[in-house]
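The structure appears right after this line, and notes come after that.
Numbering (the numbering used here), first residue to last: 502 to 735.
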């Protein structure tokens, strides 16, 4: 049930509402998924029906908060519940009541079957059979200073994960996947990553592989390309 009560007149920013929310999800998990115990860690999200490559599997929802609020108020109470969407911005629940409404239970894997489209949408990188656990690589979302041991069990497990893994050329190349030549690309790099890649390029004669939704000559340039001696703008 979702009720909104308030004045119907006046500018939207002056209106006052009372909210009554009962089991109103903040995130979207596909109806083809369910949460079960995971061999990777705690609980995980599993496919209960076949999922096609490039299909939307989940969308993270919550409140947009900065790093200070996340560390000082949210993480201490709720644990790791966020997805990073920019250098100093995260999307997360902010109360215990919202935690379950926001959690997706997507565990990390060094050989994931989900990628990112934008900052909060998880899509299948390939066809996924029913019964498989749905995972993503933290390198697709994180830009931080941590270093932790990895026990994901993948044959190509990196053993150690860091918040700077997105900078690895092998991962940038691996996760820039163009599905079926249709232009549906899974992006490793969020806007914060694009900025850093371009900054690094200035040190190398402005020659770089760009991952992300940059514009070249006013037109979207949404593929994994090598750009040389051109001015890039958002």
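Heads up, the beta-carbon is just placed ideally off N, CA and C, and yes, glycines get one too. A quick note: this is a predicted structure, and the numbers were derived from the prediction, not measured.
Bridge partners of residue 548 according to DSSP: 534.
If you draw a 10 Å sphere on the C-beta of residue 530, you find 16 or more other C-beta atoms in it, and that means buried. For the 8 Å CB-CB criterion, residue 561 and residue 654 do not form a contact. Residue 666 and residue 608 have their C-alpha atoms roughly 16 Å apart. Bounds of the beta strand (DSSP E) holding residue 648 are 648-650.
Under the DSSP assignment, residue 634 falls outside any alpha helix (DSSP H), being part of the beta strand (DSSP E) whose first and last residues are 634-637.
A Cβ-Cβ distance of about 6 Å is found for the pair residue 582 and residue 600, placing them in contact under the 8 Å criterion. Counting of Cβ neighbours within 10 angstroms places residue 578 among the exposed residues, the total staying below 16. A straight-line Cα-Cα distance of about 27 Å links residue 538 and residue 564.
When the beta-carbon positions are compared, residue 643 and residue 610 stay at least 8 Å from each other.
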